[in-house]
Amino acid sequence: MRKEVPPPSSSSAAGGPPPLAKLVSSCFEKKPLFLTLLALTFVMLVWNLPPYYQSLLSSSSCSAAIAAASTSSNFTSLPLTASPLPLKQQKLSSSGGSPKPDPNKRVFQSYGNAAALFVQMGAYRGGPNTFAVVGLASKPIHVYGRPWFKCEWISTNGSSIRALAYKMLPDWGYGRVYTVVVVNCTFPVNPNHDNSGGKLTVNAYYGDNPRKFEKFTALEEAPGSYNGSKFHPPYEYEYLYCGSSLYGNLSASRIKEWMAYHAWFFGPKSHFVFHDAGGVSPEARAVLEPWVKAGRATIQDIKDQAEFDGYYYNQFLVVNDCLHKYRHAANWTFYFDVDEYIYLPDGNTLESVLNEFSDYTQFTIEQNPMSSALCLNDSTQDYSRQWGFEKLLFRDSRTGLRRDRKYAIQAKQAYATGVHMSENVAGKTLHKTEDKIRYYHYHNSITVPGEVCRELVPMSAKNNVTMYNNLPYVVDNNMKMLASTVKEFERKTIGDVQMPRPAHINIPRHT
Numbered sequence: 172m173r174k175e176v177p178p179p180s181s182s183s184a185a186g187g188p189p190p191l192a193k194l195v196s197s198c199f200e201k202k203p204l205f206l207t208l209l210a211l212t213f214v215m216l217v218w219n220l221p222p223y224y225q226s227l228l229s230s231s232s233c234s235a236a237i238a239a240a241s242t243s244s245n246f247t248s249l250p251l252t253a254s255p256l257p258l259k260q261q262k263l264s265s266s267g268g269s270p271k272p273d274p275n276k277r278v279f280q281s282y283g284n285a286a287a288l289f290v291q292m293g294a295y296r297g298g299p300n301t302f303a304v305v306g307l308a309s310k311p312i313h314v315y316g317r318p319w320f321k322c323e324w325i326s327t328n329g330s331s332i333r334a335l336a337y338k339m340l341p342d343w344g345y346g347r348v349y350t351v352v353v354v355n356c357t358f359p360v361n362p363n364h365d366n367s368g369g370k371l372t373v374n375a376y377y378g379d380n381p382r383k384f385e386k387f388t389a390l391e392e393a394p395g396s397y398n399g400s401k402f403h404p405p406y407e408y409e410y411l412y413c414g415s416s417l418y419g420n421l422s423a424s425r426i427k428e429w430m431a432y433h434a435w436f437f438g439p440k441s442h443f444v445f446h447d448a449g450g451v452s453p454e455a456r457a458v459l460e461p462w463v464k465a466g467r468a469t470i471q472d473i474k475d476q477a478e479f480d481g482y483y484y485n486q487f488l489v490v491n492d493c494l495h496k497y498r499h500a501a502n503w504t505f506y507f508d509v510d511e512y513i514y515l516p517d518g519n520t521l522e523s524v525l526n527e528f529s530d531y532t533q534f535t536i537e538q539n540p541m542s543s544a545l546c547l548n549d550s551t552q553d554y555s556r557q558w559g560f561e562k563l564l565f566r567d568s569r570t571g572l573r574r575d576r577k578y579a580i581q582a583k584q585a586y587a588t589g590v591h592m593s594e595n596v597a598g599k600t601l602h603k604t605e606d607k608i609r610y611y612h613y614h615n616s617i618t619v620p621g622e623v624c625r626e627l628v629p630m631s632a633k634n635n636v637t638m639y640n641n642l643p644y645v646v647d648n649n650m651k652m653l654a655s656t657v658k659e660f661e662r663k664t665i666g667d668v669q670m671p672r673p674a675h676i677n678i679p680r681h682t
C-alpha cells in the first residue's frame, strides 16, 4: 500500500523548505510568471488525481513537480493528498519499517454471487391501494437472515408516497436455492388517485443495514390507465383455472381430453391458464390452440424459470403469479393438475355447490385415486378409439387415508397461495366437501405415450375387488358415463380435432 509523505509543519527548521506563501512570493519576484503558473498547475493536477493514479505516478509526478518547482523557487515538495496519514502509519513511515503480516490472520475472499437477492416474475395491482410483487429470492437469506422490503409510488407529477412492505414465503419451506416471496405493498390511500400515472419502486434490503439494498421498478401505470371498476363484480369470468408448471413428455391425447372435459364442466364463462415449463410439445400445443383461438385458454411460456433452482419447476412461484395476475378476473379460481378431473357426485351442479360455499374463502377437494394402467378385458370395446377416462375405470378402494387435496379459492380474499391450499387468506376454509365435489386422479397417465391400458382385467372384476400391486381396486364408471357428452360438446365447440391412433400393442392380461 502506498505510504504518503507527512505534510510539512507550519514552521520549518533552518535550511528546510520554505512555506507555500513564501515560495509563491519568491517565484513571482525571481522567475517568469509563466513557469510559476505551469508548476502550480501541474501540482494541482496531481493533487486531484484519484489515489490509484497517485500511487502509479507518485515517483514520476514527484520528480517532475520538484524539478519544476526548483526552477521557479527554492521549495522541494508538496503533499500529494489532502489528508495526512494516521499517526500509527506516520510512525511506521518515519522508522522505515512496515507491518509484518500476521500468519494467523485468515482472509476470506469472495467471488460472484450464488443467488440473486430478488428475481421478479410479476407485479400486479390488487386493489385501489394495494399491490403484489411476486418473485424468487435466495432461500438462505430469508431462512437465516432478516431481509425486508420497502415500497414507494412515484407519480408522474413528481409526488411520491412510501409504505413498508409485508413479505410472505408461501412455499411451505420446499424451496431449494430459491424460495418464493410475495411482497405486499399497501398504501394508506390510492397512490394514483388522480390517474396521472406513475411507477411502483421496491427497495429490497439484504438485512438489518438500511444502507445496503437494491432498488428496482416493479410496475408502471400510464396516465389514464387506472380502472377501479375491475376490482368489483361482475368479473370477466365465473371460473378461472390456474395450472401448475407443465414439464416432461406430456401426452397430447390426454391434454386434449382434459381440456375438452373441463371446458364443458366449467362452462362458457371460464378461462384456463397453462404454464409451459417445457412440457407443451408441438403436438400438445396443437390440441390446445383451438381453445386459445376461441378465447378459452392462455399458454404462458415460463421455460426461463429453469435458470432459478426452485421447487418442482417453481410451481409455487407459478401459482402465486397466476393468483395475483388474475385476482379480479373471476369469482372462483381452481388449482389442480392436468391428470385430475373435477367431478360432481349425486347430480350436484357447480353453481349450486359454489353458492353453498360462498361464505368460505376457499374449499379443498377430496381425491378419487384411479389406476393409470388397468382396463377391463372387454372384447366389445375398441380402446384405441376411447379417451383415457373412458377406459381407466379402476379406483383405489382404500378408505381412511390422508390423500393430497386440491382446492378452489376466491382470489380477491387471498394474499398468497400454495399448491394444495392457501395459508394466507382472509376468511374461512372448508374441508368437508366430499359429498358435494371430488376429483378423479389418473396419476402419471399424462406422461404415458400411446395406449394407457397396460393391464387387462377379466370382466368378472366389474363386481369384485381386484388386487393389483397389493392394492385393492373396484370398478368406477362415473367418468365413463360422461364421455359421449363431452365428445359431442368438443365437436360443436371447436370442431373435430383428429389425433393419431396409437399403434396396436399386445396388452398383458391380469389374473
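Numbering (our numbering), first residue to last: 172 to 682. Idealized CB from N, CA, C, for every residue including glycine. Values in this document were obtained by computation on a predicted structure and should not be read as measured data.
Judged by their CB atoms, F302 and N374 are not nearer to each other than the 9 Å cut-off.
Counting only residues of its own chain and dropping the five nearest sequence neighbours on each side, T504 has a CB closer than 6 Å to the CB of L411, C413, I580 and A582.
The alpha-carbon of D508 is positioned some 29 Å away from that of V314. DSSP places Q533 in the uninterrupted beta strand (DSSP E) bounded by Q533 to M541. Taken through DSSP and simplified to helix, strand or coil, V524 comes out as helix. Taking V348 as reference, the option from V489, K386, D480 and T570 with the minimal CA-CA separation is D480.
Rounded to whole angstroms, the Cβ separation of I617 and R425 is 5 Å, and the two are in contact under 8 Å. In the DSSP assignment, no residue is bridged to D667.
Boundaries of the alpha helix (DSSP H) around M430: A423 to F437.
V489 has its alpha-carbon roughly 25 Å from the corresponding atom of G316.
Each of E659, R625 and A501 was checked against the Cα of S542, and the nearest Cα belongs to R625. Taking a C-beta distance under 9 Å as the contact criterion, M650 and D492 do not qualify as a contact pair.
Residue pairing by DSSP puts P643 in a beta bridge opposite M638. Cβ neighbours of T600 within its own chain (closer than 6 Å, five residues either side excluded): Q533. Residue range Y408 to L417 is occupied by the beta strand (DSSP E) that includes Y410. Q280 sits in coil when the DSSP states are folded into three classes, being neither helix nor strand. Excluding five sequence positions before and after A294, the CB atoms of its chain that fall closer than 6 Å to its own CB belong to V304, A389 and L390, given in chain order. A distance of 9 Å or more separates the beta carbons of K607 and E511.
Shortest Cα-Cα distance from A477 to any of N485, I513 and Y397 involves N485. Shortest Cα-Cα distance from F660 to any of K427, I312, V451 and N284 involves K427.
A straight-line Cα-Cα distance of about 24 Å links Y613 and Y345. In this structure, DSSP gives L653 a helical state, which the three-state scheme calls helix. N380 and V353 have their C-alpha atoms some 21 Å from each other. P540 and R574 do touch by the CB rule: their CB atoms are close to 7 Å apart, below 8 Å. Scanning its chain for C-beta atoms nearer than 7 Å, with the 5 sequence neighbours on each side dropped, one finds around D342 the residues T350, V351, Y482 and F487, in chain order.
The continuous stretches of beta strand (DSSP E) do not include R498, and DSSP gives it neither H nor E. According to DSSP, residue pairing for N355 in a beta bridge involves A303 and Y337. In this structure F443 is in contact with A468, their Cβ atoms being roughly 4 Å apart against a cut-off of 8 Å.
Under the three-state reduction of DSSP output, R296 falls in the strand class. In this structure, L494 lies away from G450, with their beta-carbon atoms at least 9 Å apart. Take the alpha-carbon of F565 and the one of V463: they are about 33 Å apart. Just so you know, the alpha carbons of Y644 and T570 end up roughly 12 Å apart. DSSP places N374 within a strand segment (E or B) once states are collapsed to three. Judged by DSSP in its simplified three-state form, N491 adopts helix. Judged by DSSP secondary structure, E385 falls within the beta strand (DSSP E) whose first and last residues are F384 to E392.
Remark: C-beta atoms of G369 and P359 do not approach each other more closely than 9 Å.
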